[in-house]
Amino acid sequence: MNFQVKLLAMAALAGASALASAQQSSVTIFGVLDVGVQRLKNGDKTLNLESIDGMQTSRIGFRGQENLGGGLSAGFHLEGAIGPDVGAGGDWRRRATVSLSSKDAGELRLGRDYTPTFWNISKFNAFGTNGVGAASNLVYGFDGVSGTAKTVIRSDNSVGYFLPDGLGGVYGQAMVAAGEGTTGRYVGARIGYAGNGLDVAFAISDTTNTAAGDKFKVTNLGGSYTLGPVKLLGLYHVSKQTTREQKNYVVGAHYAIGSGVIRASYVNAHSRNSANGQDYTGKLFAVGYVHNLSKRTSLYTTLSQVNNSNTGRFLIPGGSAITPGQDSSGFEAGIYHSF
Amino acid sequence: MNFQVKLLAMAALAGASALASAQQSSVTIFGVLDVGVQRLKNGDKTLNLESIDGMQTSRIGFRGQENLGGGLSAGFHLEGAIGPDVGAGGDWRRRATVSLSSKDAGELRLGRDYTPTFWNISKFNAFGTNGVGAASNLVYGFDGVSGTAKTVIRSDNSVGYFLPDGLGGVYGQAMVAAGEGTTGRYVGARIGYAGNGLDVAFAISDTTNTAAGDKFKVTNLGGSYTLGPVKLLGLYHVSKQTTREQKNYVVGAHYAIGSGVIRASYVNAHSRNSANGQDYTGKLFAVGYVHNLSKRTSLYTTLSQVNNSNTGRFLIPGGSAITPGQDSSGFEAGIYHSF
Amino acid sequence: MNFQVKLLAMAALAGASALASAQQSSVTIFGVLDVGVQRLKNGDKTLNLESIDGMQTSRIGFRGQENLGGGLSAGFHLEGAIGPDVGAGGDWRRRATVSLSSKDAGELRLGRDYTPTFWNISKFNAFGTNGVGAASNLVYGFDGVSGTAKTVIRSDNSVGYFLPDGLGGVYGQAMVAAGEGTTGRYVGARIGYAGNGLDVAFAISDTTNTAAGDKFKVTNLGGSYTLGPVKLLGLYHVSKQTTREQKNYVVGAHYAIGSGVIRASYVNAHSRNSANGQDYTGKLFAVGYVHNLSKRTSLYTTLSQVNNSNTGRFLIPGGSAITPGQDSSGFEAGIYHSF
């Protein structure tokens, strides 16, 4: 819900400027509840689950902006995940930041935030990073398992900088994060261009991921192109740490049809470890349909299949463990509602 | 606080329809702070406590509705308990659901929610399920100890259906919940009728409560009848699991006097276990007074006494442990405030 | 954000009284995001951190008031700390209370709340209780380490009473808290006078701090005097428990200059333990500048130095451990934003 919008509407109704200062300090409450039924088959074991992020992660948040005059503004953003299946919640680990922004000079942002390298994974694949069809299932960390580096999605202790608007479609951000004496020191950046239906971006990062100083390195390049009802998406992503390397490419499409969207995606993952000779691939095929009941509410269903090479360990997370080489498949249908 | 109400009031003042869309997306912030002083005597041990749910459980929540047109609406409800005695909170384990509702076809609700069998315990006894006088002290699980089945009050991973309004006073709901490969698979339903001062409902459920597939079964029938200042309440409740069985009957009354209500309740509990020959009873007598300072704020006090048969183990929870056959008593006085 | 303010503004615009009841039930959402970069040097070890409370502790809260008529009102206050560096949050351990207030008779407040003895530490030193320059670094518990008694800052299970306004500048409060069968039983009070630029208060408390019944005793006297751009602050604080005793005195000043404030503080701490002959002192010197971008948003920086006598153990918390006698220093610069 956007109180700011409401107050602007009211101010308009009343034809009054007396609300100007109140508007500047409004807090917006926002969130997503996304719950569905999910069926995962890993190897020969099937599990029925209630899913909590088929389209987007369930969440609640509070954010606000203060106009400081002279093109300067301050703002905050607090956002935490919700597990509506079991009533989980309580932290602000999706994002917890304070910002100082200038129209001309850009935004300085401090706190826990998304890493620059995350955004290409999220934006340039047909299913984002949620649900059984998400490319992230085969991209995060190695074997698609996140947590290899704690900066794959977000970073603690970050100081971020964002380019201002008005650079002819060029956008960009950089982030450094303190390791605070342990692991997790992050340095990364992202630069992109959006215009005329095209959106393309490159990102790179380097995380000091172990006490020994080992680096977790991510490089990715992604893009999308929208023409009428069709949106094409593509991503190339490389992760490295000491002897391990994983390369992903992802292609996908959206096709708008009536009040719905058909989504399809193919993900290829190739993982190697020179220390033990491991070398295997995984492939994910996903197709789904989103039926929009309004801008805020949708019904959706997704079907996804992961095929591993002989010793592959890729899978759709949440189900039973697999033995190397086994396949993984998933189906889900749910309700997405945002506020 | 109900922002929706406020916005409707404002729209009325302004005589304007421009707010229609804003109203549809409003979020309501609501909650309860209920804190009191409590004295529990179990056997010969007395404990003084600060209580947090003498009338209702302290809580905070966010909920909203979106009108989708054509009698259809979507909504969410997030609600978590608060422990104001120690500042506890943070989850949404009271309820975390997303709903799709039709005026004609009823409501589909997904997430963590109350079980159908819970509602008869809550609605058809004079002290609800809170405070020293609550019938739930002798009803939940076996020996009044909840947690025997994790579906006594609520269920994770649930899919629920609610009958629509307009069925001549008949109401009803059904729920299934996934066990997700462990315990807690729930199937239950409730059907009732409300009209002309009468409210009566029957509910039944079945929870796969152990890995071995043991069932926790609940059946209950309750009712209330309101005539002028008097409301009479009654409940019959049976819980079973393998060799254990517990039967409860509860009778109670409310008597409205000035801006207050006198409450009285009698609870009988009979627990048997054919495996070890355990067979005992417990009785709870409670009387209390609620003084309403407004619709949102009350002062209250309750006195409660539990008497066990020779080997009985029933008690008012929160105090010291008892040895079988000992009695338990409680007093509390507090402030209830809702927002 | 204060919705009440907004609604009053709207009611004024509309010239309407229809909103009166809605205003009475408004909920205020409020909070602070305060994030900075911090460099701590303890002994010869240096650590870079992202700080979360350079000016005030990052937090979110909800509070509201209900006018019950006849000078009586009810209210609630929920407030929990946020760790924006890692996205921590979720409880209401800063304050979780329900109140019944009378214009003439004062306020009765139940729940988790600040102890009377805390307020003199917080109000009568130039840096409050936050950041590298805070007097609390050398005051809390013994060796500046809080947690010696869990009532140094707040108390669980409290019942508090506050004197009403209109006593000619005299203010005061008293608190008792149940130990609930374990440790932490608190009895304390504070009395003060504010007027003509002067603010002075005395507080005393007694906490049953161990199962053996040992008492943690706090006595403090503090004051401030404001004259034009200058505010002088002073505090004398004594903590005792069995054989341990700690005495602190604190002097400080604020100097308002343009849209900023220069802050300076000196803290002396003397700790003795008659059981083992420990006897040492610590001194903290701090200086800082706050630049106010608005009433809600500031930039700040603070420099602080702690010097220990030969066996002293005082330090600025958050960095590496020190060996007795080593010094500790800290620098921080950050953004403070409230909503």
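Chains as they are written, first to last, in our numbering: chain A, 1 to 339; chain B, 1001 to 1339; chain C, 2001 to 2339. Using N, Cα and C, we set each Cβ at its ideal position, and we do this for glycine too. Computed from a prediction, not measured in an experiment: that's the story for all the values here.
The alpha helix (DSSP H) that contains residue i, what's its start and end?
i, result
"N137(A)", "136 to 139"
"F1076(B)", "Looking at the DSSP string, F1076(B) is not in any alpha helix (DSSP H); the run it does join, the beta strand (DSSP E), is 1072 to 1081."
"F216(A)", "Run containing F216(A): none in the alpha helix (DSSP H); it sits in the beta strand (DSSP E), 215 to 227."
"F122(A)", "Before going on, a small fix: residue 122(A) reads as Ser here, not Phe. 116 to 123 is the extent of the alpha helix (DSSP H) around S122(A)."
Count the other CB atoms within 10 Å of the CB of residue i; is the residue buried (16 or more) or exposed (fewer)?
i, result
"L49(A)", "buried"
"S1259(B)", "exposed"
"L2019(C)", "Note that L2019(C) has pLDDT 32, beneath the 50 cutoff, so the model's placement of it is unreliable and no number is given."
"I2052(C)", "buried"
"L1198(B)", "exposed"
"V2230(C)", "exposed"
"D2165(C)", "exposed"
"S2328(C)", "buried"
"K2045(C)", "exposed"
"N2308(C)", "buried"
"Y1336(B)", "buried"
"G168(A)", "exposed"
"G222(A)", "buried"
"L2227(C)", "exposed"
"F1003(B)", "Any answer about F1003(B) is weak, because its pLDDT of 40 lies below 50 and its placement is not dependable; what the coordinates show is given next. So F1003(B) ends up on the buried side."
"S1304(B)", "buried"
"Q1326(B)", "buried"
"D1156(B)", "buried"
"N310(A)", "exposed"
"K150(A)", "buried"
"V2139(C)", "buried"
"T1323(B)", "exposed"
Taking residue i as the reference, give the member of the options with the closest Cα.
i, options, result
"Q65(A)", "G330(A), Y280(A), K217(A), L78(A)", "L78(A)"
"N67(A)", "D44(A), P84(A), S26(A)", "S26(A)"
"D91(A)", "A81(A), Y140(A), V159(A), E107(A)", "A81(A)"
"V218(A)", "D206(A), T226(A), A211(A), T210(A)", "D206(A)"
"G2288(C)", "Q2278(C), H2270(C), A2253(C)", "A2253(C)"
"G160(A)", "T129(A), S274(A), T182(A), P116(A)", "P116(A)"
"Y2255(C)", "A2264(C), A2269(C), T2243(C)", "A2264(C)"
"I1257(B)", "N1276(B), L1284(B), N1292(B), V1139(B)", "N1292(B)"
"V1142(B)", "R1296(B), I1191(B), Q1241(B), A1105(B)", "Going by the sequence as given, residue 1142(B) is Phe instead of Val. Nearest option by C-alpha distance: Q1241(B)."
"F30(A)", "G111(A), A269(A), G61(A), L315(A)", "G61(A)"
"K2215(C)", "I2204(C), S2224(C), Y2225(C)", "I2204(C)"
"G1133(B)", "K1247(B), G1089(B), M1055(B)", "M1055(B)"
Compute the beta-carbon to beta-carbon distance between residue i and residue j, rounded to the nearest angstrom, for a pair I have assumed lies under 8 Å.
i, j, result
"L235(A)", "I121(A)", "7 Å"
"G83(A)", "S58(A)", "7 Å"
"V2267(C)", "A2135(C)", "5 Å"
"F2286(C)", "T2302(C)", "Reading off the sequence shown, one finds Ala at residue 2286(C), where the question assumed Phe. So it is a contact: roughly 6 Å between Cβ atoms."
"S1099(B)", "A1126(B)", "Actually they are not in contact, since the Cβ atoms of S1099(B) and A1126(B) sit about 31 Å apart, beyond 8 Å."
"V2035(C)", "G2277(C)", "Actually they do not touch by this definition, with Cβ atoms about 43 Å apart."
"H2237(C)", "N2220(C)", "4 Å"
"I2316(C)", "N2137(C)", "5 Å"
"G2319(C)", "Y2280(C)", "Wrong, their Cβ atoms sit about 19 Å apart, outside the cutoff."
What are the boundary residues of the beta strand (DSSP E) that residue i is part of?
i, result
"K1231(B)", "1230 to 1241"
"S294(A)", "Careful: S294(A) lies outside any beta strand (DSSP E) and carries neither H nor E."
"I2204(C)", "2198 to 2208"
"D156(A)", "154 to 162"
"K2247(C)", "2244 to 2257"
"A2096(C)", "2095 to 2102"
"L2315(C)", "From DSSP, L2315(C) is part of no beta strand (DSSP E); its letter is neither H nor E."
"N42(A)", "27 to 42"
"V176(A)", "170 to 177"
"S2338(C)", "2328 to 2338"
Opposite residue i in the DSSP bridges: which residues?
i, result
"M2055(C)", "None, per the DSSP bridge assignment."
"F285(A)", "Y266(A), Q305(A)"
"G69(A)", "L72(A)"
"G2195(C)", "L2198(C)"
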